[in-house]
Amino acid sequence: MIEAALQPLTGIRQLRPDYLARKLRIEHEPSLDAELICQTIQRTGFEATLFQGHDQVEVEAPRRAIRVDLWIATALLLIAMLFALVNLSHLVPAFAIAAVVLAGIPVAKNAWRAVCLRQLDMNALLTVASIGAVLTGEWLEAATGMVLFRFSLVIDEASKRKANDSIRALMNLAPATAHRLESDRQTLTVVPVELLEVGQIIRVLPGERVPIDGKVIAGQSSVNEATITGESMPVNKEPGENLYGGSLNQEGSLDVEVRKSATDSTPARISRLIADAQANRSPTERFVDRFAQVYTPAVIAFAVALSLLPWLVSAIAPQYLSMLGDGSFSEVWRAWFRRALVMLVIACPCALVLSTPITVVCGLYQASRRGILVKGGEFLELMGRVRRIALDKTGTLTVGNPKVVRVEVCGDLSVEELLGQAAALEQHSEHPLARAIVEAAEAATTTTAVVESFEVLRGYGVRGKVNQLEMVVASGNYLQTLGVETVDDGDAVTRAYVVQQGRLQGYIEMSDELRPDAVAAIEEWRSLGVEQTVMLTGDRESVARRVAQELGVDRFLAELLPDDKIVRVRELTGQHKDLVMVGDGVNDAPALAAAPIGIALGTAASDTALETSDVVIMQPLLTRISDLIRLSRQTRAILIQNISIALGVKLVVLGLAAVDYATMWMAVGADVGASFLVIANGTRLLKVKQESMEPPIPQEAVAP
């Protein structure tokens with residue numbers, strides 16, 4: 002209804018509905034007056050509130066209380082029923098009509114708004130049906146249908162509010178206030194989290210939730226990060242370590258330096274991401290919406306045809322009128338008109354339209370509870386159909402923390418000089434291998450060299466001028482382009498070659514640990530129907546082969562540049578959408594974007610990951626992908642159940658109405674009952690137990 006009202010306005014960017022919270026977020030061009038939008042919405046009977054940017058404004062939806070007029074209407078209906086039972090039928094019309102009027106005034110107002118916007122919702126259909134029932138003398142039918150509908154609104158809101166309260170409890174991660182440590186380092190002041198500034202110091206007491214993202218500067222404690230990462234085991238925190246807002250401090254007191262504002266902290270980002278995800282509709286949601294657009298007009302047209310059938314038969318072939326029913330033409334027409342009224346009530350697609358978004362939203366929230374952020378119903382649904390998984394090696398299949406295991410020199414430089422000059426150049430790079438070289442140089446306390454220039458060789462390494470000499474630290478593939486001969490002894494190790502003034506000075510060998518859960522995760526994926534796992538890496542083929550054999554992946558592609566990974570991902574995708582690409586969310590951003598579904602692993606603090614991937618797994622656990630596949634399939638199963646319930650109930654009532662066995666109050670009850678069932682069934686996802694959240698940890702393997 003709101004969408005239809007806003008359609009004439011130019012400048013509406015996007016409508017973002019929150020079905021459970023009964024809210025709609027509207028993004029518009031600055032040129033469009035916000036007051037005009039509010040006025041337009043208010044004419045439809047809804048309320049609108051202005052807020053700017055990402056402000057988290059909580060607008061409590063008004064509770065639909067059981068009003069006095071509904072109690073009186075119910076009493077009048079019961080009296081009318083009593084009169085009908087004791088043969089005082091002449092008094093029934095007065096009480097029944099009074100019940101229809103009292104219960105139907107709010108419904109009629111909503112119906113008028115819908116008609117003005119050229120919409121036919123349940124209010125409009127029921128109002129027409131009730132008027133028709135009254136005109137044909139079906140007093141109790143009209144009164145029962147209208148009173149039941151009013152009660153259904155109260156029940157419907159109660160069930161939605163219960164589900165919404167459950168979700169808000171899940172997402173109410175961070176407290177509203179914090180203990181700010183003043184400049185004297187003694188005084189604590191309780192302040193709203195919104196007033197905290199980056200660089201200020203707060204104190205998190207035992208048993209409190211961390212109010213905002215920060216870095217520990219004093220104190221030690223164990224912190225439960227389950228609400229953020231899904232990890233149930235507490236994590237020890239010491240000075241220098243990061244804290245996520247929403248985490249629970251269990252033991253000691255921690256002094257924390259604020260690193261992000263309240264609007265940019267992890268809980269705020271999670272809430273925004275999930276709210277935005279509801280606008281990304283799943284394929285099933287889009288199908289149901291298209292079906293509903295056809296279903297309602299078709300049933301209304303059928304109802305009109307039923308009401309006109311006796312007239313058509315009487316005009317064209319009156320000898321067949323008796324086939325439509327016994328009695329006079331007036332009695333036959335009233336019987337068919339009553340069927341048409343029931344059809345009108347059952348034409349409302351409320352339960353059908355509710356059947357999918359409720360389920361998808363609950364699935365998204367359940368995923369976030371496990372530390373998995375899914376950017377829309379489309380990706381949540383597609384995850385259940387995954388048959389192939391492509392993975393980057395470094396930082397995904399390995400822990401992403403390589404160590405230098407050997408330094409070999411073959412030129413004029415000593416081991417210390419080679420390591421120190423390579424580290425001087427690599428300290429400007431963010432690659433994990435560069436970090437390993439820098440850490441090794443720092444541990445060896447080598448002399449820092451002077452870097453005059455620096456350039457990243459994308460996919461190969463780095464080069465620049467160190468101590469006024471040209472230097473390259475890169476893979477063997479790049480050295481071949483320079484005409485420099487490398488050492489190739491067939492060892493399955495990762496090497497960074499060091500070249501100075503066009504001459505090979507030596508090489509640095511590094512190794513990285515496999516993720517402890519990698520083997521178990523790959524086996525679990527196979528049990529879930531994943532047919533192929535593919536490892537993509539820029540490392541040497543001998544290294545890739547060794548890692549692939551240790552992990553048990555089905556296929557590997559080695560010596561790939563970043564652009565090569567994009568090409569390979571597209572080739573693997575082909576004509577299907579059953580491929581998932583898993584990476585670290587930063588170095589693999591282009592490949593993640595090229596895949597039907599891109600998953601960034603273990604990037605709780607990475608803004609890049611949130612922007613480029615479709616799914617963000619906050620904790621670096623590959624088994625979380627298994628959890629997401631299972632949750633996706635559970636979500637899809639409930640979607641199918643809900644659609645079956647909504648359509649099944651309506652088809653049964655339609656069939657009964659066609660043979661004159663259904664009444665109007667039965668149609669109202671069926672629509673209300675179906676709506677209640679799909680809401681209750683969809684919210685079951687909020688109670689799904691976490692399966693295999695703690696994967697079995699095999700013996701640690703070391704892979705270069």
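Quick note: the sequence shown uses our numbering, first residue 2, plus one each step. We put the CB at the ideal spot given by N, CA and C, even for glycine.
DSSP state of residue i mapped onto helix, strand, coil
i	result
residue 238	strand
residue 24	strand
residue 94	helix
residue 387	coil
residue 476	coil
residue 268	helix
residue 66	Here the model assigns residue 66 a pLDDT of 47, short of 50, so the residue's position is not dependable and the matter cannot be decided.
residue 89	coil
residue 462	strand
residue 688	helix
residue 701	At residue 701, the pLDDT of 37 sits below 50, so the modelled position is not reliable; the number obtained from the coordinates is stated separately. Coil.
residue 245	coil
residue 58	Caution applies to residue 58, whose pLDDT of 44 falls short of 50 and renders its modelled position unreliable; the value that the coordinates give is listed next. In this structure, residue 58 counts as coil in the three-state DSSP scheme.
residue 403	coil
residue 31	coil
residue 613	helix
residue 250	strand
residue 200	coil
residue 291	helix
residue 80	helix
residue 379	helix
residue 13	strand
residue 357	coil
residue 454	strand
residue 408	strand
residue 322	helix
residue 339	helix
residue 488	coil
Span of the alpha helix (DSSP H), counted from its first residue to its last, around residue i
i	result
residue 633	624 to 659
residue 438	433 to 444
residue 495	It is not in any alpha helix (DSSP H) - residue 495 instead sits in the beta strand (DSSP E) that spans 495 to 501.
residue 422	416 to 427
Range of the contiguous beta strand (DSSP E) that encloses residue i
i	result
residue 373	373 to 375
residue 536	533 to 537
residue 513	504 to 514
residue 256	255 to 259
residue 468	From DSSP, residue 468 is part of no beta strand (DSSP E); its letter is neither H nor E.
residue 35	Per DSSP, residue 35 belongs to no beta strand (DSSP E); it is in the alpha helix (DSSP H), 35 to 43.
residue 329	Run containing residue 329: none; DSSP gives neither H nor E here.
residue 193	189 to 193
residue 178	178 to 182
residue 215	215 to 219
residue 1	Coverage of the chain is limited to positions 2 through 705, which leaves residue 1 absent and any answer about it impossible.
CB contact flag (residue i, residue j, <8 Å)
i	j	result
residue 354	residue 269	no
residue 513	residue 597	no
residue 360	residue 686	yes
residue 675	residue 352	yes
residue 109	residue 137	no
residue 175	residue 213	yes
residue 616	residue 376	yes
residue 496	residue 400	no
residue 125	residue 134	no
residue 130	residue 345	yes
residue 25	residue 37	no
residue 215	residue 244	yes
residue 545	residue 623	no
Is the region 222 to 241 touching the region 250 to 269 in the sense that three or more CB pairs, one from each, lie closer than 8 Å? Between the region 250 to 269 and the region 222 to 241 there are three or more inter-stretch CB-CB distances shorter than 8 Å, so the stretches are counted as touching.
Report yes or no: do three or more beta-carbon pairs, one from the region 139 to 146 and one from the region 67 to 83, lie closer than 8 Å? Touching, per the Cβ criterion.
Could you tell me whether the region 333 to 344 touches the region 386 to 396, using the rule of 3 or more Cβ pairs below 8 Å? Per the Cβ contact rule, the region 333 to 344 is not in contact with the region 386 to 396 (fewer than 3 Cβ pairs under 8 Å).
Three or more C-beta pairs under 8 Å: does that hold for the region 98 to 108 against the region 627 to 637? Judged by pairs of C-beta atoms under 8 Å, the region 98 to 108 does not touch the region 627 to 637, as fewer than three such pairs exist.
Does the region 665 to 682 touch the region 411 to 418, meaning 3 or more C-beta pairs lie closer than 8 Å? Contact fails: fewer than three Cβ-Cβ distances are below 8 Å.
Should the region 559 to 567 be regarded as contacting the region 645 to 665, the criterion being three or more beta carbon pairs within less than 8 Å? Flag = no, the region 559 to 567 and the region 645 to 665 do not touch.
At least 3 beta-carbon pairs within less than 8 Å: the region 570 to 588 vs the region 394 to 408: Touching, yes.
Okay, do the region 563 to 579 and the region 542 to 553 touch, 3+ Cβ pairs below 8 Å being the bar? Contact fails: fewer than three Cβ-Cβ distances are below 8 Å.
So, does the region 456 to 475 touch the region 358 to 373, judging by three or more C-beta pairs under 8 Å? The count of Cβ pairs closer than 8 Å, one atom from the region 456 to 475 and one from the region 358 to 373, stays below three, leaving the stretches out of contact.
Every unbroken beta strand (DSSP E) inside the region 521 to 602 [3 residues or more]: 533 to 537, 556 to 558, 580 to 584 and 598 to 602, all fully within the region 521 to 602.
Should the region 425 to 439 be called in touch with the region 478 to 485, which here means at least 3 C-beta pairs below 8 Å? Flag = no, the region 425 to 439 and the region 478 to 485 do not touch.
Please confirm if the region 452 to 461 is in contact with the region 498 to 506, defined as three or more CB-CB distances below 8 Å between the two stretches. No, the region 452 to 461 is not in contact with the region 498 to 506.
Quick check: the region 368 to 388 against the region 629 to 638, are at least 3 beta-carbon pairs closer than 8 Å? Put simply, the region 629 to 638 touches the region 368 to 388. At least three CB pairs are less than 8 Å apart.
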